[in-house]
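See below for the structure under consideration.
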Amino acid sequence: GNKYTYQMDPANSNESISEVALDLEEGADMVMVKPGMPYLDVVRRVKDTFGVPTYVYQVSGEYAMLKAASINGWLEEKSVVLEALTGIKRAGADGILTYYALQAAAWLQEKN
36 GNKYTYQMDP ANSNESISEV ALDLEEGADM VMVKPGMPYL DVVRRVKDTF GVPTYVYQVS
96 GEYAMLKAAS INGWLEEKSV VLEALTGIKR AGADGILTYY ALQAAAWLQE KN
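Under my numbering, the residue at position 73 of the sequence shown is numbered 108, and the numbers go up by one with no gaps.
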């Protein structure tokens, strides 16, 4: 099917806030924003507006973009991935679902 029949307009962040309000009225006890990186403003608005547990899914396309760029030598994978995850956390995410989870955990252990 065509995902545009069920996805929100990416240019209209007010729509996402309305959808979150409806989800919470229907009993949701947490919300998830996906993809994460392009919608950090939405993460912050959700957290500030509703104060509910807010999770971000760093989708496969975001992972593939960072992985391909690192393989091609266009960026240093560890630093860029940790910066991206830090940005998501700083935007207000209580948790991050990412394909980098195991690698990021190992990198963070190296820092300690």
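Glycine included, C-beta positions come from ideal geometry on N, C-alpha and C.
For G122 against L59, the beta-carbon gap comes to about 25 Å, at or over 8 Å, which does not count as contact.
Here the C-alpha atom of W109 lies approximately 25 Å from the C-alpha atom of R125.
DSSP assignment within the segment 59-125 yields the following whole alpha helix (DSSP H) runs of 4 residues or more, N-terminal first: 75-85, 95-106 and 112-125. Taking a cut-off of 8 Å for Cβ pairs, the segment 102-116 and the segment 75-90 do not touch, as fewer than three such pairs fall below it. Excluding the 5 residues flanking it on each side, G127 has same chain C-beta neighbours closer than 8 Å at V78, R79, V81, K82, D83 and T89, in chain order. By the C-beta density criterion, S51 is buried, having at least 16 other C-beta atoms within 10 angstroms.
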